[in-house]
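Chains as they are written, first to last, in the numbering used here: chain A, 14 to 125; chain B, 5 to 117.
No residue lacks a Cβ here, since even glycine has one placed at the ideal position from N, Cα and C.
The model shown is predicted, which means the values in this text are computed figures rather than measured ones.
Step one of this worksheet: look at the structure below.
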């Protein structure tokens, strides 16, 4: 079942913060985050493998709440380069065949 | 270290023709995944392959679509008798193992006239 992302779209000014949520009605075993710019390939941001795990680099971080079946991506002091569509992807089951089911995406636009 | 390579980058076909999309994974990666993305939509899983084996093809239409990853050479996604609804961006991703991060290629944009 496809994870649900919220919000669908967000517009920010440079320097503002944003949070993108990814939730599932089924158990989440890991969460993968990607960013895709228009007309380009998705770029891997980070993967969270365990409940309670938090990761981050370069003012972009994420958390994974296994019990709530939810992950959140935090963008701090946003830059113009953060613009794009963000996707979360989750394995289809515990056996983790490698197949990722992606959310519908959250479009982020950062304005000067 | 070259990333995932896909060719062609753009492919135009008329209805009823065949489309062949190629993907060379990153060096050291033996797992390949194909995803389809319709305009303004998300990524939809199609098939997951390891060398010479199809592991999961649950996202691939039963007719007209096939995929392979031979012992030598790139992975190939083949679409026979294309229809307009096949127009999309087809992305290939690779990983060193199951559960690892997947790295995407630049995609092949298929247009069916």
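- Taking a 10 Å sphere around the C-beta of residue 24(A), we find fewer than 16 other C-beta atoms and assign the residue as exposed.
- Taking C-beta atoms as the reference points, residue 26(A) and residue 98(A) fail to come closer than 9 Å.
- In terms of Cβ geometry, residue 91(B) and residue 33(B) do not form a close pair [threshold 9 Å].
- The C-beta of residue 67(A) comes no closer than 9 Å to any C-beta of chain B.
- Taking each of 31(B), 94(B), 16(B) in turn and checking the Cα distance to residue 77(B), the smallest one comes out for 31(B).
- Around residue 16(A), no beta-carbon contact reaches into chain B at under 7 Å, the shortest distance being about 10 Å.
- With respect to residue 35(A), residue 116(A) sits close: the two C-beta atoms are nearer than 9 Å.
- For residue 66(B), the closest Cβ of chain A is not nearer than 9 Å.
- In this structure residue 86(B) is not in contact with residue 51(B), their Cβ atoms being roughly 17 Å apart against a cut-off of 8 Å.
- Residue-level contact by beta carbon holds for residue 48(B) and chain A, with a gap shorter than 9 Å.
- Closer than 9 Å to the CB of residue 28(B) there is not a single CB belonging to chain A.
- For residue 95(B), the enclosing beta strand (DSSP E) starts and ends at 92–99.
- Under a 10 Å Cβ-count criterion, residue 90(A) is classified as exposed, with fewer than 16 other Cβ atoms of the shown protein chains found around its own Cβ.
- Scanning chain B for C-beta atoms nearer than 7 Å to the C-beta of residue 118(A) yields 46, reported in chain order.
- The three-state reading of DSSP puts residue 88(B) in helix, counting H, G and I together.
- A buried status is given to residue 17(B), since no fewer than 16 other beta-carbon atoms sit within 10 Å of its beta-carbon.
- Taking 3 residues as the shortest admissible run, the segment 15–50 of chain A contains the following complete beta strand (DSSP E) segments, listed from N- to C-terminal end: 17–19, 22–26, 31–36, 44–49.
- By the neighbour-count criterion, in which a residue is buried when 16 or more other Cβ atoms sit within 10 angstroms of its Cβ, residue 56(A) is exposed.
- Per the C-alpha coordinates, the member of 20(B), 21(B), 38(B), 23(B) positioned closest to residue 9(B) is 38(B).
- Annotation for residue 115(B): the continuous beta strand (DSSP E) segment containing it runs 112–116.
- At a cut-off of 9 Å, the C-beta of residue 80(B) has no neighbouring C-beta in chain A.
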